[in-house]
Amino acid sequence: MKTSKGGWIARVILGAALGVLSSVVLASYLAESRGPTLAVSLLCAGLGGVLSAATLPFADDGRSLLLHSAVHFGATALLFGLLMAQLGARGAELLAWEAILFLLYAVVWLGRWIGWYVEVMQLRTMLGLAPGPSPLKWRETLPYLAFALLLCDVLPILLFWADHAVSADVPVLSGLLLPYLLLPVAGFSSGMSLGKRQGVCPLYPAACFVCYLPMVFLLFNYTAMFHCFMVAVPALAGNVTGWLYRRAAAKRGV
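Each step along the sequence shown adds one to the number in the working numbering, with nothing skipped, and position 5 is 653.
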């Protein structure tokens, strides 16, 4: 136990040291400065230390896995956001950097989780047990992927074309109606439908985010990055709501 704790502390110290070294590169290329400020150096050290402890949250399972992973990502996102703000990122640009961090974090997290899940599936097969649901319920999510493509890719293109066809000074359809009404309502409704039928399916909100991301740069620019969250967050909220409704209905025997 002491050896494990000592190894974890050593990784954190090494990560912090590498973070300080990376601050020199960041200051040179991003801030166009000869050297990093004290704040940048401290934030890089903190971020390096937090990232080096990334193996800790993945050592648990069940609810503790989700809790520790959420806390670890929250600390990582906070330090990264403060660092990018120190380097000059503001508003939508800062949000875009945080979105990139989230995608990278999700790839690593899912890679490790799927590796663990494959081992569990192999054990179940060896014991002659039923395979259970697909990883993160990806197979159960597939029928809703077509709707996500229509909502996040086809509809924005059509509304963008309609705005330009009428030569509107203000893009009411693609600039106002789409992000503030259609995306949240459709995302929540479809997520709730999926949750009532299949339970929590975390890949559906992620699919909505990824499907809409090309539209941000194809039709708009990086300032429209918040559109992705306007569909992904309601989809997640709807999915959890549908799952809670399903559980309540099962308890009532409906």
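Yeah, the Cβ is synthetic: ideal placement off N, Cα and C, and Gly gets one too. Please read these numbers as outputs of a predicted model, since none were measured by experiment.
Residue i classed as buried or exposed, judged by whether at least 16 other C-beta atoms fall within 10 angstroms
i, result
"T724", "buried"
"D811", "buried"
"A707", "Note that A707 has pLDDT 48, beneath the 50 cutoff, so the model's placement of it is unreliable and no number is given."
"V607", "As displayed, the chain neither begins before 649 nor continues past 902, which places residue 607 out of reach and without an answer."
"R900", "exposed"
"A896", "exposed"
"Q770", "exposed"
"M774", "exposed"
Nearest-angstrom beta carbon gap, residue j and residue i [assumed within contact, 8 Å]
i, j, result
"S837", "L867", "That pair is no contact at about 23 Å."
"E746", "G729", "6 Å"
"L743", "L691", "Not quite, the Cβ-Cβ distance comes to about 18 Å (not below 8 Å), so this is no contact."
"P727", "G694", "The residue you asked about is not Pro; residue 727 is Leu in the sequence shown. About 5 Å separates the two Cβ atoms, so the contact holds."
"L842", "Y792", "5 Å"
"L799", "A834", "5 Å"
6 Å Cβ shell around residue i - same chain, five flanking residues per side excluded
i, result
"P832", "M878, P882"
"L666", "G696"
"R659", "S700"
"A796", "A855, C856, C859"
"F808", "S822, L867"
"P853", "A880, A883, L884"
"L851", "L784, W786, T789"
Own chain residues within Cβ distance below 7 Å of residue i, not counting five before or after
i, result
"V848", "N887, V888, W891"
"G663", "G696, G697, L699, S700"
"P804", "S822, L826, M863, L867"
Same chain, Cβ closer than 8 Å to residue i, five either side skipped, listed in chain order
i, result
"P827", "A872, F874, H875, M878"
"G749", "The sequence given here has Leu at residue 749, not Gly. If we look at L749 and ignore the five residues flanking it on each side, its Cβ neighbours are T724, A725, F728."
9 Å Cβ cutoff, residue i in contact with chain C
i, result
"G776", "Although the question refers to chain C, the structure presented lacks it and comprises just one protein chain."
- Message: Which runs of the alpha helix (DSSP H) at least 4 residues long sit entirely within the region 785 to 819? Give them in chain order.
- Response: Within the region 785 to 819, the complete alpha helix (DSSP H) segments at least 4 residues long are 786 to 797, 803 to 813, listed from N- to C-terminus.
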